[in-house]
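These notes concern the structure reproduced below.
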Amino acid sequence: MAKAVNSPQRSRLSPTRSWKVCRSGRRRKCHESVTYKRVLAGEGAAGLPCPAPSPPAVPGPGRKELKIVIVGDGGCGKTSLLMVYCQGSFPEHYAPSVFEKYTASVMVGSKEVTLNLYDTAGQEDYDRLRPLSYQNTHVVLICYDVMNPTSYDNVLVKWVPEVTHFCRGTPTVLIGCKTDLRKDKEQLRKLRAAQQEPITYMQGLSTCEQIQAALYLECSAKFRENVEDVFREAAKVALSALKKAQRGKKRRLCLLL
């Protein structure tokens, strides 16, 4: 996290939003660009309050709506995964995102569920902004690049501690991205020249168990492998957690009565 800066007037960051429809048809998907402007406020020294953990928002009666936040190192494949899923197109050039919101729908069993998908910036420059996305999240996807051992290490070093702090009690899903590059000869040559190897499926599964994530999934956005599965399974995890929380609430009410 960024170090505190002493200032007589501290600032916070307020979001401004603009919407555009990216795709329509049987499954409508929209994209919301989110930018931020500074406004003066008496916030904490780091520029952001440290919010108390809050329970996930519960969808209204007859409506299933979930908030999913995606985190991970810059360039690990988060944005490509979202763009392929929501827009059907793979970005050929890397363009770092700050904060982007997408809306999609997915069928879970016989129910249609609306997914509000929040892409976040992984660079350190945005460490103070990223927590703005965490409030009332139902599930967090922690992503890493299977061809980048540093991004894999940062799952434990950076992302799990951050998610645990801001989203305590929220389920997580670990995602290994760019699996197609495991067979790319040029990428393998570069990696081995640095005396490194691709992260294996078993390594990812081991880390999933270590961080107590609900699931470990791998995908290739470029070749659209397992992309749909990532979001369908994430929705199942979130819905299961909501049901568990609701059952616990009912039990507490019974005890009080």
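Letter by letter, the sequence shown follows residues 264 to 520 of my numbering. Beta carbons are placed, not taken as given, at the ideal position from N, Cα and C, and that holds for glycine. All of these numbers come straight from a predicted model, not from anything done at the bench.
- For Ala384, the closest alpha carbon among the candidates Leu378, Gly338, Val426 is that of Gly338.
- Straight-line spacing of the CA atoms in Lys506 and Val426 works out to 21 Å.
- Contact between Val403 and Val332 holds, with the beta-carbon distance rounding to 5 Å and staying under 8 Å.
- Distances from the alpha-carbon of Val418 to those of Tyr348, Thr342, Gln475, Arg510 put Gln475 closest.
- The straight-line gap separating the alpha-carbon atoms of Ala484 and Leu344 is approximately 5 Å.
- Assignment of beta-bridge partners to Thr435 by DSSP yields Val403.
- In the structure shown, the three-state DSSP call for Asp443 is helix.
- For the 8 Å CB-CB criterion, Leu378 and Lys364 do not form a contact.
- Fewer than three Cβ pairs drawn from the region 441-458 and the region 387-398 lie within less than 8 Å of each other, which leaves the two stretches out of contact.
- With a 10 Å radius around the Cβ and a threshold of 16 neighbouring Cβ atoms, Glu496 comes out buried.
- Look at Tyr357 here: in three-state DSSP terms it is coil, with no helix or strand label.
- For a cut-off of 8 Å, the C-beta gap from Val376 to Ala498 is around 5 Å, short enough to register as a contact.
- Under a 10 Å Cβ-count criterion, Val420 is classified as exposed, with fewer than 16 other Cβ atoms of the shown protein chains found around its own Cβ.
- In terms of CA proximity to Thr442, Arg487 leads the group Arg487, Gly335, Thr435.
- Ranked by Cα distance from Val369, the options Leu329, Asn411, Val436 are led by Leu329.
- Here DSSP, grouped into helix, strand and coil, assigns Lys485 to coil.
- Membership of Asp382 in any alpha helix (DSSP H) is not indicated; the residue belongs instead to the beta strand (DSSP E) covering 374-383.
- Annotation for Val347: the continuous alpha helix (DSSP H) segment containing it runs 341-350.
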